[in-house]
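**Q** My structure is below; once you've seen it, I'll send some questions.
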Amino acid sequence: MLAGCAAERPDVLTLPPAPAAVDRPEAPTDIPDLKDTYDLMPVTLVRSIAASSVLPDPLWGPEGFAAWHLLDGEPELPWCAARRLLGIGEEIEIEYLHPVEMNEVVLSYPDAVQGPRVVQIEIVNDQNESRTVDVDPASGRSRFVPVSGRRFRVVIRKTASRGEATLCIGEILFRGRAVLLDTRFPPDAEPVALAEIRAAFADIESYRQPSLGRPKLVRAMGDFFRRWTGPGELASARLALDYRFQAADLRESEENLCVVAVRAVVEASGIAERLFRERFIKRRSVPLLESCVPEGKDLSYWAVRQTRMAVLLFTLRGDDYGALEAGDPRALPRLLSVFRRNTRIGWWRAPLPGYGDRAKSPADFVRQMPRESVRRILDDLILLEDAGSLYRNGLEELRRGLGT
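Counting in the working numbering, the sequence shown runs from 1299 upward without gaps.
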């Protein structure tokens, strides 16, 4: 599969000129005690991830091997480089919700691709400090002197060739520390912080369409969190997410007062977003969201559906239905990969595993997604399949279900 793609792109096999040398402070060679090292879990800590190039895929289109696959927990759905021979010189950019300290990297590779393996990377933080790191090509592991920051660039410096010239990495995991500051307010400060939150939320309650007041609320919450930077920052995030509106807004949509408020809070503070994600994944209470919940309903999906990591959040929570309902086309490959493994006649009408009690077929799931974007994706996939194949029949069935 990948070899065919590379053959159609001669630039993949062209080694570009070596980049100009950049003077950066290098780390010492001693490795500190790593006994307090933890996984820097992407779904709770990462704001965004991007790559310098992405290899197109005949099945999933130009973003088929996109960088977000490095974090999706499925090594067989990888990121693949497109521009440079063996991936040398390619870069992966990763941004965290708040500063972290990393001191170990773990790479894994898809079994289906016998491509190059990374043997050396350079890690550069947002202060332009670098670490040149040798990576064991067999285990994918490497430890290094800690480097701190919120934004990092991972530059592929050396690889060991194995078969295909296309570099594909299934998963990337950093380990280190993501310690938050003191969770307590300074003495007598909590009543002051609570009064500020009440004033900000009282203003948003005055809007008949809360979403119109969201930009103002984001600014107010940004000012609020800046005042409490340092001791009390995590405590202030908890205070905001634990607030309860008194005037319930029972609309089950993204226009809901509580949904607007939650989005404003997490947009204003990376620490607040991390706290919300952790509660969401563990299905713990978020009073700010629950104070506007219609009886028997759950508004969490409305709050998550447009976040940067929506698909991964829903997937880790075990809610693939939510990932599709979130309207993110990135969920479609996950859905179709389930279809493709099923070779039974009429498989496209069968419920997805684990959702039989919902009495919804895969076509029903896809209908929850934005019509036009899904139509385009399905049309492209249908054209790539042989006429009469089970896979094409299923895609066409899905396409018909979406209408014209």
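For glycine and all other residues, C-beta sits at the position ideal for the given N, C-alpha and C.
Note that this is a predicted model, so its numbers are computed, not measured.
(1) Please classify residue 1482 as buried or exposed, where buried requires at least 16 neighbouring CB atoms within 10 angstroms.
(2) Spatial neighbours of residue 1566 within its chain, please: C-beta separation below 7 Å, excluding the five flanking residues on both sides.
(3) Could you pull out every residue in the same chain whose Cβ sits closer than 8 Å to the Cβ of residue 1703, ignoring the five residues on either side in sequence?
(4) State the DSSP-derived secondary structure class of residue 1526, mapped to helix, strand or coil.
(5) Can you give me the C-alpha to C-alpha distance between residue 1493 and residue 1541, rounded to a whole angstrom?
(6) From the DSSP output, read off the bridge partner residues of residue 1456.
(7) Should the stretch 1392-1407 be called in touch with the stretch 1490-1507, which here means at least 3 C-beta pairs below 8 Å?
(8) Give the straight-line distance between the Cα atoms of residue 1433 and residue 1416, rounded to the nearest whole angstrom.
(9) Mind checking who residue 1402 pairs with in its DSSP beta bridge?
(10) Report the residue from 1595, 1602, 1585, 1557 whose alpha carbon sits nearest the alpha carbon of residue 1579.
(11) Label residue 1342 either buried or exposed according to how many other C-beta atoms from any shown protein chain fall within 10 Å of its C-beta, with 16 as the threshold for buried.
(12) Which residues does DSSP list as the beta-bridge partners of residue 1428?
(13) When the Cα atoms are used, what is the spatial distance from residue 1489 to residue 1697?
(14) Would residue 1310 be called buried (16 or more neighbouring beta carbons within 10 Å of its own) or exposed?
(15) Beta carbon of residue 1346, beta carbon of residue 1393: below 8 Å?
(16) Just how far apart, CA to CA, sit residue 1596 and residue 1464?
(17) In three-state DSSP terms, what is residue 1556?
(18) If you check the beta carbons only, do residue 1424 and residue 1460 fall under 8 Å apart?
(19) For residue 1469, count neighbouring C-beta atoms within 10 Å of its own C-beta (all shown protein chains included) and say buried if the count is 16 or more, exposed if not.
(20) If you draw a straight line from the alpha carbon of residue 1250 to that of residue 1474, how long is it in whole angstroms?
(21) What number of angstroms, rounded off, separates the C-alpha of residue 1690 from the C-alpha of residue 1684?
(22) Which value, in whole angstroms, describes the spacing of the CA atoms of residue 1372 and residue 1614?
(23) What first and last residue would you give for the alpha helix (DSSP H) that runs through residue 1345?
**A** Taking the geometry as given:
(1) What you label residue 1482 is simply residue 184 of the sequence shown in a count that begins at 1. Result: exposed.
(2) Residue numbering aside, residue 1566 sits at position 268 when the sequence shown is read from its first letter. Contacts found: 1516, 1519, 1520, 1523.
(3) Because the chain spans 1299 through 1702 in this model, residue 1703 falls outside it and cannot be assessed.
(4) As a position in the sequence shown, residue 1526 is number 228, starting the count at 1. Residue 1526: coil per DSSP, three-state reduction.
(5) On the sequence shown, position 195 is the one that residue 1493 refers to. On the sequence shown, position 243 is the one that residue 1541 refers to. The straight-line gap from Cα to Cα measures roughly 11 Å.
(6) Locating residue 1456 in the sequence shown gives position 158, where the first residue counts as 1. 1418.
(7) Segments in contact, no.
(8) For the purposes of this step, residue 1433 is taken as residue 135 along the sequence shown, with counting starting at 1. For the purposes of this step, residue 1416 is taken as residue 118 along the sequence shown, with counting starting at 1. Distance between the alpha carbons of residue 1433 and residue 1416 is about 7 Å.
(9) Reading the sequence shown from its first residue, position 104 is the one you call residue 1402. Under DSSP, residue 1402 forms a beta bridge with 1441, 1473.
(10) Reading the sequence shown from its first residue, position 281 is the one you call residue 1579. Selected option, being the one with the closest Cα: 1602.
(11) Walking along the sequence shown from the start, residue 1342 turns up at place 44. Counting Cβ neighbours within 10 Å, residue 1342 comes out buried, since at least 16 surround it.
(12) In the sequence shown, residue 1428 corresponds to position 130, counting from 1. DSSP, once it has assigned bridges, lists 1422 as partnering residue 1428.
(13) On the sequence shown, residue 1489 is found 191 positions in, with the first residue counted as 1. On the sequence shown, residue 1697 is found 399 positions in, with the first residue counted as 1. So the alpha carbons of these two residues sit roughly 56 Å apart.
(14) Against the sequence shown, residue 1310 aligns to sequence position 12. Summary for residue 1310: the model assigns pLDDT 33, below 50, so the residue's position carries little reliability, and this model does not support an answer.
(15) Taking the first residue of the sequence shown as position 1, residue 1346 is located at position 48. Taking the first residue of the sequence shown as position 1, residue 1393 is located at position 95. For residue 1346 and residue 1393, yes; Cβs fall inside 8 Å.
(16) As a first step, residue 1596 is located in the sequence shown; it is residue number 298 there, counting from the start. As a first step, residue 1464 is located in the sequence shown; it is residue number 166 there, counting from the start. If I take the Cα positions, the gap works out to 44 Å.
(17) For this step, residue 1556 is matched to residue 258 along the sequence shown. Judged by DSSP in its simplified three-state form, residue 1556 adopts helix.
(18) Locating residue 1424 in the sequence shown gives position 126, counting from the first residue. Locating residue 1460 in the sequence shown gives position 162, counting from the first residue. Contact flag unset, no.
(19) Sequence index remark: in the sequence shown, residue 1469 carries index 171 (1-based). Counting Cβ neighbours within 10 Å, residue 1469 comes out buried, since at least 16 surround it.
(20) The first residue shown for the chain is 1299 and the last is 1702, placing residue 1250 beyond what the model contains.
(21) What you label residue 1690 is simply residue 392 of the sequence shown in a count that begins at 1. What you label residue 1684 is simply residue 386 of the sequence shown in a count that begins at 1. Separation of residue 1690 and residue 1684 (C-alpha to C-alpha, rounded to the nearest whole angstrom) is 7 Å.
(22) On the sequence shown, position 74 is the one that residue 1372 refers to. On the sequence shown, position 316 is the one that residue 1614 refers to. In a straight line, the C-alpha of residue 1372 is about 11 Å away from that of residue 1614.
(23) To locate residue 1345, count along the sequence shown from 1; it is residue 47. That residue, residue 1345, is in no alpha helix (DSSP H); its beta strand (DSSP E) goes 1344-1349.
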